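The numbering used here numbers the first residue of the sequence shown as -13 and each following residue consecutively.
Heads up, the beta-carbon is just placed ideally off N, CA and C, and yes, glycines get one too.
Keep in mind the model is a prediction, meaning the values are calculated, not measured.
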Amino acid sequence: MVRIFHHRAKCIGCNACVEADKSRWRMSRKDGKSNLVGGVDNKGIYRAEAEDEEYSHLIKAAKNCPVKIITIEKQK
Ligand code: SF4
């Protein structure tokens, strides 16, 4: 199991996460920021869980984010 955290308020809408992982990230037409698919809002930090198979894509999205607002944690 993998946990994903997205500090959405700080998103600059660059699209890099979507390019890295289209199944998990979508650009919002409303405000131009990215949305974490399946994410649940907790005071501005969106959180979701994913299977281990997604890990490499998720890490790529996190590394590509220029403002470093995506955090990926692998659970044991
Ligand atoms: S890579 Fe980071 S700043 Fe760019 S759209 Fe995704 S979350 Fe926002």
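When the distance is taken between beta carbons, is residue j closer than 7 Å to residue i?
| i | j | result |
| --- | --- | --- |
| residue 6 | residue 30 | no |
| residue 3 | residue 47 | yes |
| residue 19 | residue -3 | yes |
| residue 23 | residue 10 | yes |
| residue 41 | residue -8 | no |
| residue -11 | residue 59 | yes |
| residue 13 | residue 61 | no |
Could you spell out where the beta strand (DSSP E) holding residue i opens and where it closes?
| i | result |
| --- | --- |
| residue 20 | 20 to 22 |
| residue 58 | 56 to 60 |
| residue 36 | 31 to 36 |
| residue 28 | 26 to 28 |
| residue 15 | First-last for residue 15: undefined, no H or E at that position. |
Do you know offhand how far residue i's Cα is from residue j's?
| i | j | result |
| --- | --- | --- |
| residue 57 | residue 15 | 23 Å |
| residue 45 | residue 53 | 14 Å |
Can you tell me where the alpha helix (DSSP H) with residue i in it begins and where it stops?
| i | result |
| --- | --- |
| residue -12 | Unbroken run through residue -12 is the beta strand (DSSP E), -12 to -7; no alpha helix (DSSP H). |
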